[in-house]
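Inspection log for the structure reproduced underneath, given as structure tokens.
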Amino acid sequence: MSAKPSTPDNKTAISVSHHLKNLKQQFKDRQLINLLIDLVRANDHDSLAYIARTSGIPPQLRHVVWPVLLKYHPMCISPNIMSNTINWDPQTRSYHFNESNTANNSNSNGMSPVQSTTVLHTIKSDSKAPTSEQDKINSGADDAYLDRIISHDLRRYFHSRSSNHTPPTSADSTAPAVEQEIVSILKFAIFNFVNKWSKIFKYESGLAWIALGLAEWFPPSSCVAEPVVLTGRRHSKDAPKEKNSPDLNINNLYQEYPLPSLLRSKLPKEYAFQFADLYERLLLVILHCPDTVRARDQINREFPSKSEHMTNYFPILSGGDLQFQSTIFFKAFASILPELYQPLMEESNLQTNTSRLTWLYWWLKFSGARALQRQDRGRLWDILLGWRPKPNMNSINFFLNYNSKLFDHLYHEVPPGFRSPTNTKNSEYLKSLNKLDPFWFPDLDLFTLGDRDFPFDYNVLREILTKNKYDQQCSDTVDNKRGSEVETKESPLTYSTIDPHIQLVFIYVAILQYNEFKLLEFEETEISEFLNNVPMLSKTDDKNYKKLYVEIDYNAVNKKHNASNFRSHKAYSISETSSTSSLSSGSSANNAAANPNEPASKRHMLIELGNDAKASHSFNDLLNSAGDIWRKWLWKELEENVNSE
């Protein structure tokens, strides 16, 4: 039976359904903003982090929430970042200085055979920087030269928005005063970081784009009352051409994302950090890397017969270095999207010029800087900044395996926002937001990561294999752990169970999946241009936030809705169903979130990718899709491991 042709009534019902859905979401967003302001005033950083990693922070409030999140972020309290100045040689078991600023091309982790040296070099360093220039930077002898390089990188942001073809290097004398002031603040922040961390990390152009990305949400002038931020650069050739003016690049945040004056008056009068300090803390999160040498030594010492076999899995939960992340990205990409992976990577491997692969550098090393639009990158950084393991030192040290500090007293099992006696309404609303981590995995929440029984990824994954290999029969260890968790569990929050950079890897695979059919139709140069300038992925979210406080005639909307609903109730029901579908696999994650009390042993039945419905433009749908991809990929890896034993 063929489908009935679309009628005006059908179209009206669909339009009204989407409109009502957006109005409902805007109502929730307004509630969320009220809640977040109260949480900021109460310094409830636990609840703020939870909202950041699950629901995201509204654009209006990132400039006040991000400083709080970074103040208490475990990776800032006990930092350890990747290095582009030294290499670890596993044969001599010693570190060696790089000859240039380009990062390690022969890391001891080893890459999967599917990657080429060209791809490795692209991820690890900016291929556009000549070796001679890098040598000058590395020598540290010419600060003026480094100043010019940083200025050049920053100016590329401003001039990408302009129809004027003036070279970036000639812009200093003609740039508006406000723009020059912002560039000066950004340069100071970059110099501050490079001077402090120069023995570990020398300057790369990614540092400039991280500064620019932060300035898109946090005012460089550090003025709370009037947050003047950068407005993002144009990502499309088809974007409207505008005159070269400061308004193209600089704007008051509240002009783009309104916030009523009554709510603004409740915000803190000053920030916890100046721009340079906040920038440094952001980099400590983005460039974070566990001690991989110690991790390999420990796993080899504890499991000498299995260490080589388990390298494909370790450290998939606790997180690895950049090379491990890139390995996981390529493996998941090849497994989930083979039709796209094969032509793209085979063509790339034949290229002697790595400039067409710079998207890997921006995606993997600098967390979407430059390549993604500011709205999507802001949500990615919400996830990074909101990441929190369970609030005990065993769990924290599972991810920060180099840590020697004690700071779990900074976190609360039951955050103040969940037990606020002064504002029951906010407390109840916060509880209503409770949902599963998008990156949940069957049975993983049963383990106390980092304790005596599960100190490494290997122990956890082996136990999961045992549970599912022998017909769901739990081992005594997990049974005991589960019983004690049920008795002592008080926290209403779901905590992070995998490293945030690993989460981003699977979000990137979801982005490729979302654009798969489009990319398959592109030529190789078009693919490169697209991946270096990804169109906005969260259009609906962004539109709702921009219209959050616009006056709405609810009576007219309801009247229109009732009329169309009376004419075609069936069409309305169908449209409502389709409008709530996820990108391609959100249904399974949504079902799991709707049933958080369902036994974890049954949730693995939900691991599937679903259909190809891609009508939504909400980042939450993309996040759910990434979670499904994570579960499907890891489950397949575990099953292959079972079959190989």
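Counting in our numbering, the final residue of the sequence shown is number 643, and the numbers go up one at a time with none missing.
Backbone N, C-alpha and C define an ideal beta-carbon position, used for all residues, glycine too.
Given the structure is predicted, the values throughout are model-derived calculations rather than measurements.
Shown here, valine 507 sits in a helix according to DSSP, grouped into three states. Secondary structure remark: continuous alpha helix (DSSP H) runs of at least 4 residues inside the stretch 504 to 547, in chain order: 514 to 519, 522 to 530 and 537 to 544. Contact annotation, threonine 229 with isoleucine 248: C-beta distance approximately 7 Å; criterion of less than 8 Å satisfied. In the pairwise beta carbon analysis, the stretch 315 to 329 is classified as touching the stretch 283 to 292: at least three pairs are separated by under 8 Å. Spatial neighbours of asparagine 542 in its own chain (CB-CB distance under 7 Å, excluding positions within 5 residues in sequence) are listed in chain order as Asn20, Gln23, Gln24 and Asp27. Listed in chain order, the alpha helix (DSSP H) elements of length 4 or more contained wholly in the stretch 341 to 408 are 372 to 384 and 391 to 397.
Taken through DSSP and simplified to helix, strand or coil, valine 226 comes out as strand. Rounded to the nearest whole angstrom, the CA to CA distance from alanine 47 to glutamate 461 is 29 Å. The straight-line gap separating the alpha-carbon atoms of isoleucine 31 and tyrosine 493 is approximately 22 Å.
The Cβ atoms of phenylalanine 437 and glutamine 501 lie closer than 8 Å to each other.
At a Cβ-Cβ threshold of 8 Å, alanine 369 and tryptophan 357 count as neighbours. Pairwise C-beta distances place the stretch 199 to 208 in contact with the stretch 78 to 85, as three or more of them are shorter than 8 Å.
The residue from Phe405, Tyr400 and Gly376 with its alpha-carbon nearest to that of asparagine 390 is Phe405.
Histidine 61 is not a Cβ neighbour of phenylalanine 156, given a cutoff of 8 Å. Closest in alpha carbon position to glutamine 272, among Tyr252, Tyr506, Ala213 and Ile509, is Ala213. Under the DSSP assignment, asparagine 250 falls in the beta strand (DSSP E) whose first and last residues are 248 to 250.
Secondary structure of asparagine 85 (DSSP, three-state): strand. When the beta-carbon positions are compared, serine 536 and serine 616 come within less than 8 Å of each other. For isoleucine 79, the secondary structure class from DSSP, reduced to helix, strand or coil, is strand. Under DSSP, histidine 286 takes part in a beta bridge, and its partners are Ile79.
Its chain contains Leu315 and Phe437 as the residues whose beta carbon lies nearer than 7 Å to that of isoleucine 496, once the 5 sequence neighbours on both sides are disregarded; these appear in chain order. With 16 or more other Cβ atoms from the protein chains shown falling within 10 Å of its own Cβ, aspartate 441 counts as buried. Our two residues, asparagine 531 and phenylalanine 331, have alpha carbons roughly 19 Å apart in a direct line. Here alanine 206 is not near isoleucine 297, since their CB atoms are 8 Å or more apart. Under the DSSP assignment, alanine 40 falls outside any alpha helix (DSSP H); it carries neither an H nor an E label. Contact between isoleucine 49 and isoleucine 334 does not hold, since the beta-carbon distance rounds to 29 Å and is not under 8 Å. Here histidine 410 carries a coil assignment [DSSP, helix/strand/coil]. Here the C-alpha atom of leucine 355 lies approximately 35 Å from the C-alpha atom of asparagine 250.
Sequence-distant partners of tryptophan 360 (beyond 5 residues in either direction) whose C-beta falls short of 6 Å from its own C-beta, in its chain, are Ala367, Arg368 and Ala369.
Relative to the Cα of arginine 450, the nearest Cα in the group Asn395, Tyr255 and Asp435 belongs to Asn395. Inclusion of tryptophan 633 and proline 498 in the CB contact set at 8 Å is not warranted, their separation being larger than that value. Under the three-state reduction of DSSP output, cysteine 74 falls in the helix class. The residues Pro387, Thr446, Leu447, Gly448 and Tyr493, in chain order, have a CB closer than 8 Å to that of serine 393 in the same chain once the five nearest residues on each side in sequence are set aside. Alanine 293 carries a helical assignment under DSSP once its states are collapsed to helix, strand and coil.
In the DSSP assignment, aspartate 141 falls within the alpha helix (DSSP H) that extends over 141 to 157.
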